[in-house]
Amino acid sequence: MTISTIEVTPSDLKGRGDAERQAYLNTLISQRAEFGAEVPDWVMGVRDRNLTLIQDQALPSNKTEEWRFTDPSSLYKIPFQPAAATVTAEQIQAHSWSDAAIRLVFVNGVFAPDLSSQAEVSGLQITTLKNLDASFQEYLGKTHGAEEVFTALNSCNFTDAAVLKVDRNQSIEAPIHLLFVSAAQGEAPTVAYPRVLVVAETGSTVTLVEDFVSVGAQTFTNAVAEIFLAANAQVNHIRLQREETTAFHIGKTAVSQKRDSRYCSIAISLGGQLSRHNPEIVTEEQTETILDGLTLATDSQVADTHSALTFSQAHCQAQQLHKCIVDDHARAVFNGRIFVPKAAQQTNAAQLSRNLLLSPKARVDTKPQLEIVADDVKCAHGATVSQLEDDEVFYLQSRGLDHDNACDLLVKAFAAEILEKIPVPSIRQGLLEDVLSRLR
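Oh and the sequence shown: position 326 is 310 in this note's numbering, straight run, nothing missing.
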């Protein structure tokens, strides 16, 4: 018997992987739905420009520098496709917050007016893609980082958007809840492209709750939010990702801050088989930026946060605290980059990554990263990875708690440092309970 052999070189294997990812990307692009005549021509132009942009790109692998801690290959094995799906009011009610006076619901990226509650608020314009006027043309698709492959994929495939504009010197007291539901149609894996555009005009203030949940079998959410703060504006942004643990989630938050503006973000990541959030902020002079984050990963979840903050001018301040709680075989990644160029003199920035491992097989990869060119700045960063301290557990047991309740109390206290900063009471309390329930 003669056995023939075929020699396969490493370059052949690399090329095969590239071709497979390219084919997968082309399939996702080919699925994009047509807008229809009711959408303005300039909006269709945004999608068409990104279609051109993405055709020269490839999906990342774990050999891509920005993805070397997170292997996205499991995503590429599933034939996701867009689909319409039905969600009941009872399912929505389970994800509502009592403090939100306005709730806009999007199912698989498309506005669902029957599931939404919308009140007239003075100084606040709320619209969707079909009713978008030309005043938004200078914002939609114009933010930094638009060339990233998943962001560009959203920009050439999105079919609707939540669009908010806060008028000049207006303060919107009640939080605005944007609920994005990714719902599978039957057993078929479903992909959705949620899109958010927020414009806070000069001197305005608004609190936004961007909330992602999923229903049914496997879903893939590829979300993009663009937030523009004019001079002296303030945006409080709460981002919740609490999808099913079978879901895939990749999200980009791009923020542009003009002079004297203040952006406060709290990003909570609880769900997803594989999730990644890329906040990217660019500031002008005398801005203040606060980035807080909490990731909880259990079982075999992989949760990744890659943040980037760039100071383009002087006299800016920033504080970033990101925490991870990791249990079982789960894995969390934090990569935080702060760039201080020469023009950003008198910058005051601090970044801290704190991580709690609850299992010997849990893993955290953390990389706080300061790149400083300016010579007159005050910047610091650091990272810690620890486990529950036996002494602390013993102390609580000596005060009458059993072992499990003592551990719960310590984990709750670790998470509370982030959650207690959420300015919406019903969300704050609900998330504290959610964190503990996912660990039991």
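C-beta atoms are modelled at their ideal positions from N, C-alpha and C, and glycine is treated no differently.
Since the model is a prediction, treat every value here as computed from it, not as a measurement.
Just to confirm, are residue i and residue j a CB contact at a threshold of 8 Å?
i	j	result
Phe53	Val317	yes
Thr135	Thr174	no
Leu224	Ser249	no
Ile38	Leu116	no
Ala67	Ala184	no
Val91	Ala167	yes
Leu278	Leu403	yes
Arg152	Thr186	yes
Ile309	Phe398	yes
Ile289	His306	Note that residue 289 corresponds to Thr in the displayed sequence, not to Ile. Yes.
Leu354	Cys363	yes
Leu423	Asp311	yes
Trp81	Ser410	yes
Ser259	Ala217	no
Leu9	Leu35	no
Gln219	Val408	The displayed chain sequence assigns Val, not Gln, to residue 219. The answer is no: Cβ separation not under 8 Å.
Gln292	Gly255	The residue you asked about is not Gln; residue 292 is Ala in the sequence shown. For Ala292 and Gly255, no; Cβs fall outside 8 Å.
Gln75	Ile86	no
Glu100	Leu108	The amino acid at residue 100 is misidentified as Glu; the sequence shows Ser. No, Cβ-Cβ distance for Ser100 and Leu108 is not below 8 Å.
Val27	Leu113	yes
Val133	Gln41	yes
Asp370	Leu340	The sequence given here has Ser at residue 370, not Asp. Yes; because the gap between Cβ atoms is below 8 Å, this pair is in contact.
Tyr247	Thr273	yes
Gln335	Ile356	no
Leu385	Ala400	no
For residue i, which beta-bridge partners are listed by DSSP?
i	result
Pro426	Lying outside -15 to 424, the shown extent of the chain, residue 426 is not represented and no answer is given.
Pro263	Thr237
Ala176	Thr205
Lys307	Leu278 and Arg338
Asn332	Gln301 and Lys362
Tyr60	DSSP lists no partner for Tyr60.
Val436	Only positions -15 to 424 of the chain appear in this structure, which leaves residue 436 out of reach.
Thr36	Thr36 is not bridged to any residue.
Arg315	Val286 and Arg347
Arg246	Gln218 and Glu272
Lys149	Gln109 and Val183
Ile425	Since the first and last residues shown for the chain are -15 and 424, residue 425 lies out of range.
Ala167	Val199
Leu213	Ala184 and Gln241
Ile160	Ile86 and Leu192
Phe295	Thr267
Ser155	Thr189
Phe232	Phe204 and Leu258
Gln65	Thr174
Using 8 Å as the limit for Cβ to Cβ distance, is residue i near chain B?
i	result
Val165	This model lacks chain B altogether; it includes just one protein chain.
Does DSSP classify residue i as helix, strand or coil?
i	result
Glu49	helix
Asp288	strand
Ile76	helix
Ala85	coil
Ser14	helix
Thr135	helix
Asn115	helix
Ser101	strand
Ser370	strand
Val30	helix
Phe90	strand
Gln413	helix
Thr(-11)	Per-residue confidence for Thr(-11) stands at a pLDDT of 40, beneath the threshold of 50, marking its modelled position as unreliable; no derived number is given.
Asp(-4)	Note on Asp(-4): pLDDT 44, under 50, position unreliable in the model; the coordinate value appears next. Helix.
Glu194	strand
Glu404	coil
So does residue i have its beta carbon nearer than 7 Å to some heavy atom of the ligand ATP?
i	result
Ala146	What this structure holds is no ligand at all, so the ligand ATP is not there to describe.
Restricting to Cα atoms, I'd like to know which of the options is closest to residue i.
i	options	result
Ala298	Ala172, Ala333, Leu275 and Gln413	Ala333
Pro344	Ala17, Ala314 and Ala231	Ala314
Thr271	Gln303, Asp359, Asn92 and Ile250	Gln303
Arg338	Asp349, Thr294 and Glu185	Asp349
Pro325	Ala68, Ala130, Asp283 and Glu269	Glu269
Gln329	Lys307, Asp388, Asp360 and His79	Asp360
Asp388	Glu401, Asp374 and Glu74	Asp374
Ala158	His221, Ala78 and Val369	His221
Cys140	Thr111, Ala69 and Leu12	Leu12
His79	Ile356, Glu376, Glu228 and Val395	Glu228
Glu22	Phe378, Leu340, Thr273 and Thr143	Thr143
Phe64	Ile76, Gln169 and Val30	Gln169
Gly129	Ser106, Gly235 and Lys405	Gly235
Trp77	Leu59, Val357, Asp98 and Ala69	It should be noted that the sequence gives Gln, not Trp, for residue 77. Answer by Cα proximity: Asp98.
Ile160	Ala118, Glu132, Pro178 and Ala84	Ala84
Ser284	Gln413, Glu18 and Gln257	Gln257
Leu181	Asn206, Ala358, Glu104 and Ile110	Ile110
Glu49	Gly414, Ser421 and Lys351	Lys351
### Query
Below 8 Å, can you find three or more Cβ-Cβ pairs linking the segment 143 to 162 to the segment 112 to 128?
Inter-segment contact for the segment 143 to 162 and the segment 112 to 128 is present: three or more beta-carbon pairs are separated by less than 8 Å.
### Query
Is it a yes or a no for the segment 208 to 216 touching the segment 233 to 242, going by three-plus beta-carbon pairs under 8 Å?
The segment 208 to 216 vs the segment 233 to 242: in contact.
### Query
Counting pairs of Cβ atoms below 8 Å between the segment 186 to 198 and the segment 159 to 166, do you hit three or more?
Touching, per the Cβ criterion.
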